[in-house]
Amino acid sequence: MKTIILNASPRKNRSTAEMLRSCAEGARSVGSEVEYVDLFDLSFTGCKSCLACKRKGAERCKCYIKDDLSPLIERIFEADALIIGSPIYLGNVTSCVFSLMERLHFCALSYDDYSSYFKGKVNFGAVLTMNAGRDIYEKWYEKSMEKQLASFRALNGRFELLPCCDTLQVDDYSKYNMAGFNEAHKKQVHEKQFPLDLEAAFRLGARLCSENAE
Ligand SMILES: Cc1cc2nc3c(=O)[nH]c(=O)nc-3n(C[C@H](O)[C@H](O)[C@H](O)COP(=O)(O)O)c2cc1C
2 MKTIILNASP
12 RKNRSTAEML
22 RSCAEGARSV
32 GSEVEYVDLF
42 DLSFTGCKSC
52 LACKRKGAER
62 CKCYIKDDLS
72 PLIERIFEAD
82 ALIIGSPIYL
92 GNVTSCVFSL
102 MERLHFCALS
112 YDDYSSYFKG
122 KVNFGAVLTM
132 NAGRDIYEKW
142 YEKSMEKQLA
152 SFRALNGRFE
162 LLPCCDTLQV
172 DDYSKYNMAG
182 FNEAHKKQVH
192 EKQFPLDLEA
202 AFRLGARLCS
212 ENAE
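Residue numbers for the sequence shown, in the working numbering: 2 to 215.
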């Protein structure tokens with residue numbers, strides 16, 4: 002079993018990364034090998050519409066752009082599970098997830114009949130961190146996130162979203178112009194709810210990487 006975990010937060014040690022490290026532990030607990038990548042360390046763009054992947058004779062499910070993302074795309078198609086962690090930025094996953102989606106899915110899309118060239122199976126999970134509370138997530142973000150990430154269903158495996166709400170954006174709110182947040186509430190959520198979120202992340206990692214995951 003091979004699991005690829007992608008951190009789509011620019012911060013390497015905050016909530017998203019912590020959640021992903023728990024996913025990694027969960028995956029390892031069921032015997033999966035884990036590759037963890039900070040997407041912000043890589044140099045890449047979205048699809049450049051070179052159409053090299055649509056040329057006659059082109060290899061299927063291969064992105065021909067010469068940058069850091071193309072080899073990762075190849076490894077994703079060969080993996081058993083893919084877990085992406087992204088903060089919600091302005092109601093969306095971060096821009097590097099959009100770039101990845103364009104590249105990953107376009108090179109697997111047949112322009113002959115709009116089917117997918119990808120016939121394998123990669124279980125998919127997304128860990129979504131946000132300032133919003135659970136009520137706002139369920140009311141405003143959940144359906145939109147399912148829609149934004151729906152192209153990962155073309156990986157033919159399980160599709161799961163795990164929200165992590167009301168995150169602690171900074172350690173000391175008094176140092177910032179952030180009066181819109183209640184620091185005491187944020188710290189309480191961090192103390193009580195965040196450890197439960199980390200446990201849920203561990204279970205997600207284990208579930209997506211279990212041999213019998215459907
Ligand atoms: C540019 C930017 C935009 C953000 N937009 C939203 C948003 O629309 N909704 C929300 O709930 N949180 C928003 N946040 C907060 C982050 O989603 C939240 O702090 C998240 O936990 C950050 O992940 P990290 O701790 O791994 O960096 C935003 C943060 C930044 C920096």
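Cβ coordinates follow ideal geometry from the N, Cα and C atoms, glycine included.
Outcome for residue i when other beta-carbon atoms lying within 10 angstroms are tallied against a minimum of 16
i: histidine 106; result: buried
i: valine 171; result: exposed
i: serine 10; result: buried
i: methionine 146; result: buried
i: tyrosine 138; result: buried
i: asparagine 8; result: buried
i: alanine 18; result: buried
i: glycine 181; result: exposed
i: arginine 104; result: buried
i: alanine 59; result: exposed
i: alanine 207; result: buried
i: methionine 179; result: exposed
Proximal residues to residue i (C-beta, below 7 Å), its chain only, five neighbours per side dropped
i: glycine 32; result: Met2
i: proline 88; result: Ser10, Thr17, Thr95, Thr130 and Met131
i: phenylalanine 45; result: Asp68, Asp69, Leu70 and Ser100
i: phenylalanine 153; result: Phe125 and Phe160
Spatial neighbours of residue i in its chain, beta-carbon cut-off 8 Å, leaving aside the 5 residues before and after
i: glutamate 143; result: Leu162 and Pro164
i: histidine 186; result: Asp167
i: phenylalanine 203; result: Ser23, Cys24, Glu26, Gly27 and Ser30
i: methionine 20; result: Gly86, Val128, Thr130, Leu163, Cys165, Asp198, Leu199 and Ala202
i: tyrosine 177; result: Val171
Supposed close pair residue i, residue j - CB separation, criterion 8 Å
i: isoleucine 84; j: leucine 209; result: 7 Å
i: asparagine 14; j: aspartate 81; result: Rounded, the Cβ-Cβ distance is 27 Å, inconsistent with contact.
i: cysteine 62; j: phenylalanine 119; result: 5 Å
i: cysteine 97; j: leucine 40; result: 5 Å
i: histidine 191; j: leucine 205; result: That belief does not hold up - the Cβ atoms of histidine 191 and leucine 205 are roughly 20 Å apart, past 8 Å.
i: tyrosine 112; j: lysine 55; result: 5 Å
Top-ranked residue by Cα proximity to residue i, from the options
i: cysteine 48; options: Lys67, Ala18, Ala201 and Arg135; result: Lys67
i: glutamine 149; options: Glu19, Phe99, Tyr115 and Lys176; result: Phe99
i: cysteine 64; options: Ala133, Val35, Cys97 and Leu110; result: Leu110
i: glutamine 194; options: Lys122, Gly206, Ser16 and Ile6; result: Ser16
i: glycine 121; options: Trp141, Ile77, Leu91 and Ala53; result: Ile77
i: arginine 159; options: Met102, Gly126 and Asp114; result: Gly126
i: alanine 133; options: Cys54, Gly92 and Asp173; result: Gly92
i: isoleucine 5; options: Asp42, Ala53 and Glu79; result: Glu79
beta-carbon residue i near ligand 3 non-hydrogen atom, thresh 6 Å
i: asparagine 124; result: By its list of ligands, the structure shown excludes ligand 3, since it contains just ligand 1.
Boundaries (first-last residue) of the beta strand (DSSP E) holding residue i
i: arginine 204; result: Counting along the chain, arginine 204 falls outside any beta strand (DSSP E), though it belongs to the alpha helix (DSSP H) covering 195 to 209.
i: glycine 86; result: 82 to 88
i: proline 164; result: 157 to 165
i: leucine 129; result: 123 to 130
i: valine 38; result: 34 to 39
i: isoleucine 6; result: 3 to 8
Residue i: first and last residue of the uninterrupted alpha helix (DSSP H) it sits in
i: lysine 1; result: In this structure the chain extends from 2 to 215, so residue 1 is not present and cannot be described.
i: proline 11; result: That residue, proline 11, is in no alpha helix (DSSP H); it is neither H nor E in DSSP.
Own chain, CB closer than 6 Å to residue i, minus 5 neighbours either side, in chain order
i: glutamate 184; result: Tyr174
i: serine 117; result: Ala109 and Ala155
i: arginine 135; result: Cys166
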